[in-house]
Amino acid sequence: MRRASLIVAVAFGASTLAALGLFVVYIAGGQPQLEGALLFVALTGIGAGLMVWATRLMTGIGQITQSRRHAPPPLEEKEAAAEAMAGGVEEMSRRRLLFRLLLGAAGALGLAAIFPIRSLGRAPGASLFRTEWRTGLRLVDVDGNLVTRDTLEVDSFTTVFPEDAVGSGDSQAVLIRVPTGSLDLPPDQLAGAPDGYVAYSKICTHAGCAVGLYLAEVQQLRCPCHQSTFDVLNGAQPVYGPAARALPQLPIEIDPDGTMRALGDFTAPVGPSFWDLPP
Amino acid sequence: MIVRRWVDGVDERLDGSSFISRNLRKVFPDHWSFMLGEIALYSFLLLVLTGTFLSFFYLASDEPVTYAGPYQPLQGQTVSAAYDSVMRLSFEVRAGLVMRQIHHWAALVFMGAIIGHLIRVFFTGAFRKPREISWLIGIGLFLSGIGAGFSGYSLPDDALSGAGLRIAYSIVLSIPFVGTWVAYLFFGGEFPGPDILNRLLVLHIFIIPLAIFTLLGAHLALVWHQTHTQFRAPGRTEDTVTGTPVWPKFALKSIGLAFTTFGVIAVLGGLFQINPIWLYGPFVPYSTASPSQPDYYIGWLEGLLRLWPNWEFHVFGHTIGELLLPSLVVPGLVFTILALWPFLEARVSGDQEWHHFAQHPREAPVRSGFGAAGVAFFVVLVLAGGNDVVAKFLGIEVDSLNTVLRWAVVLGPIVTGLVTYWICRDLRDRPLHPLTGPPRVTFRRNAAGGFEEIEAQPPVAEEVREKPGRT
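Line by line, the protein sequences are chains H and G. If you read the first sequence in our numbering, its first letter stands for residue 787, the second for the next number, and so on. If you read the second sequence in our numbering, its first letter stands for residue 31, the second for the next number, and so on.
Structure representation (structure tokens):
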């Protein structure tokens, strides 16, 4: 008993000192680790003190047994409750016309509530089907610098945007340079991938993360979020992981001066699947 | 004494007879596992306190600004005003960082305590009639907690949480018929959406906390009204409850637990760095942090996404993407089964009786088997949610780990469930619990110098050691 009250006293004392310590730390400019440690002592001191007080010093208060006063209600009571509820409903539904008019009014009001909800955002329209890429737009990097034939070494990649939409979420693309002639694409896609340069949408077709890892030795793009993996040489077809669709290709051409231009928008809608996406 | 006068005054107006004394003398049973729910409650209080402080500094705006604070690596970078405000809170507001870290740690403890509490209630059958309503409210609190956590850690607009938001947007997009519209209405337009931070803020500091307050109030009121379950022991009956009176002993213990919870979370927040957004950098749509993991209570959903096969379906010229099943349908089923469990169990067992005694897991082998299977499912999926980190830790390829985890997520629950079922059934059918010690044999030396055996005492069960109740 005496030991317990000593413990409580020490706990409360330590708590007080720690709280005063917090004061000093704050005045001195604050320091997160010290603040956390002192808060620990200040709070746990009170907490431990109270718990020891309750369990070790309140020995006069033992275990008490009480009636729960909570048992299944008798049948009459349950019936009375059901009767009270049903009676109220009956009272209302007896006037059929009024009741139906009320339901109609409530329904109409509910429909009217759709209008403010509609104000919450733009209509999707065709926005998921197109990006900022247009025929003739030049490719630039994240800093807005023009990308040219000499920007990339073989087996390296960079993120590109249309020249007037740097940083645009849906227009981001990866430009990869692979050894000339190694691309295994159908002729129409190969036409948009000159001299070993090929560009794909950087938005993963699985859940939309930026496909930011390029595994140069196997020429695969990998998404760091869920490890969907795409074969760069074979039209960015998914070869591993949870993605089902290829990354859409961005057809490009190289000007005589070495700058690159888009030959149009991506070959398919970019990003994850949605209901209106055609098969 | 002034306290007496106040109590008299309140009592007289509330019940005439004994409202206060009846409730102050109300008895709560003691068991360590009953603390889990209390810890959840107290971490929520701490979340409200620290969160209020944070909200005084946070700015929900995607307006680009140039970072000019004291953190050198980011100086001169363009960041959103939201990110900038969290950076200011972390580096320039005195005691700001410790508050932010305590807030985040409190959220982790809150969800952990909820999950622990859920497991306790499940395995002891404390959800049985008449407590199904509390169970349903508890599931509501669990879901609200997930929403609060996700909306909260998305607010700083850093690279890590931005990826999480992008995934959330893609998940909404995958809903048949209305997905595109719902995503655009919630985000304000195509990702990243102009209004999303504002909407998340309102969800995080108003709508979800209000829901939690309401559900928590109802949850506690029901516990108070229906009384707490307790384990069977000599002297205890279904109609009575044996324990400590609320005032002062139980109250002091519980307030003590509250302060201890605060203290432990505070030291976590002070000493253990969490969500260092300055290391992740601001969110830009064209880069993804790697590795990127959500907090663990969302990690199991992330794990489902990582392990799910790349199934895409086409119906009548429309597309059902890879995300719908693992991110919405499967979790929806999991939570539906969880919510309906008390009713399913009562239907299957035909048990419609009231129960105030909690059960030991061995008393209900089938339920315990399903429970253990559920825990195994959750654990495998949390591991899968961090498969890249786990693979790096183990020094193996992510792809090989995924193969193992895919088998584990199917076989793990089945094996765990069956083994648990067998163990519980054997324990139930055995007269003695093997862990409480071997049967004791006591000898006495008799007058003749020989030994004679005294009748063996059965091992003392844990509950028997407590003092029998005083009525």
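Note that beta-carbon positions come from the ideal geometry of N, C-alpha and C, so glycine has one too.
Between Ile832 of chain H and Ser791 of chain H, the C-beta spacing is not below 7 Å. Residue-level contact by beta carbon fails for Gly194 of chain G and chain H, as no gap is shorter than 7 Å. Your pair Trp919 of chain H and Pro206 of chain G does not check out as a contact, with CB atoms roughly 29 Å apart and the cut at 8 Å. Between Ala840 of chain H and chain G, the shortest Cβ-Cβ separation is below 7 Å. Per DSSP, Leu1007 of chain H is one residue of the beta strand (DSSP E) stretching across 1006-1008.
Lys422 of chain G counts as exposed, since fewer than 16 other C-beta atoms from the protein chains shown sit within 10 angstroms of its C-beta. The DSSP assignment places complete alpha helix (DSSP H) segments of no fewer than 4 residues inside the region 209-276 of chain G at 209-217, 226-232, 238-256, in order along the chain.
One alpha carbon belongs to Tyr451 of chain G, the other to Phe217 of chain G, and they sit about 46 Å apart. In summary, Lys864 of chain H is exposed, with fewer than 16 beta-carbon neighbours lying within 10 Å of its beta-carbon over all protein chains present.
Within the same chain, Cβ atoms closer than 7 Å to the Cβ of Gly192 of chain G are found at Phe313, the five residues on either side in sequence being excluded.
For Ala985 of chain H, no Cβ of chain G is located within less than 7 Å of the residue's own Cβ.
Scanning its chain for C-beta atoms nearer than 8 Å, with the 5 sequence neighbours on each side dropped, one finds around Ile350 of chain G the residues Ser204, Pro206, Glu342, Phe343, His344, in chain order. With its beta carbon at least 7 Å from every one in chain H, Trp165 of chain G lies outside the interface. Rounded to the nearest angstrom, the gap between the Cα atoms of Leu825 of chain H and Arg124 of chain G is 15 Å. Only those residues of the region 351-379 of chain G whose C-beta falls short of 7 Å from the nearest C-beta of chain H are listed: Gly351, Glu352, Leu353. Annotation: Cβ neighbours of Phe826 of chain H in chain G (cutoff 8 Å, chain order): Gly293, Val294, Ala296, Val297, Gly300. At a beta-carbon threshold of 8 Å, none of the residues of chain H lie near Trp330 of chain G; the nearest stands roughly 14 Å away. Any Cβ of chain H closer than 7 Å to the Cβ of Trp384 of chain G would place that residue at the interface, and such an atom is present.
The shortest CA-to-CA distance from Val997 of chain H to any of H:Pro965, H:Thr944, H:Leu938, H:Arg880 is the one to H:Thr944. DSSP links Val95 of chain G through a beta bridge to G:Val109. Using a Cβ-Cβ distance cut-off of 8 Å, the region 948-964 of chain H and the region 919-937 of chain H are in contact, since at least three pairs of beta carbons, one from each stretch, lie closer than that value. Taking the CA atoms as reference points, Pro1010 of chain H sits about 12 Å from Ala1029 of chain H.
With a cutoff of 7 Å on beta-carbon distance, Leu413 of chain G and Ser322 of chain G are scored as not near each other. Burial is judged here by how many other beta carbons sit within 10 angstroms of a residue's own beta carbon; Leu374 of chain G has fewer than 16 and is exposed. The region 68-81 of chain G makes contact with the region 133-142 of chain G: 3 or more CB pairs, one atom from each, lie closer than 8 Å. In the structure shown, Pro818 of chain H adopts helical secondary structure according to DSSP, grouped into three states.
Taking Ser91 of chain G as reference, the option from G:Trp371, G:Ser184, G:His255, G:Ala402 with the minimal CA-CA separation is G:Ser184. In this structure, DSSP gives Tyr983 of chain H an extended state, which the three-state scheme calls strand.
With respect to the C-alpha of Thr154 of chain G, the residue from G:Ile163, G:Gly416, G:His386 having the closest C-alpha is G:His386.
Within chain H, the C-beta atoms nearer than 8 Å to that of Gly218 of chain G come from Leu906, Gly907, Arg908, in chain order. Excluding the 5 residues flanking it on each side, Phe121 of chain G has same chain C-beta neighbours closer than 6 Å at Gly99, Pro100, Tyr101, in chain order. Thr944 of chain H is bridged by DSSP to H:Leu961.
Look at Thr1015 of chain H here: in three-state DSSP terms it is strand. Per DSSP, reduced to three states, the secondary structure at Ala1022 of chain H is coil, with no helix or strand assignment. Between Gly293 of chain G and Pro818 of chain H, the gap from beta carbon to beta carbon reaches 7 Å or more. Residues of the region 1009-1042 of chain H with a Cβ closer than 9 Å to any Cβ of chain G, in chain order: Cys1009, Pro1010, Cys1011, His1012, Gln1013, Ser1014, Thr1015, Pro1024, Tyr1026, Gly1027, Pro1028, Ala1029, Ala1030, Arg1031.
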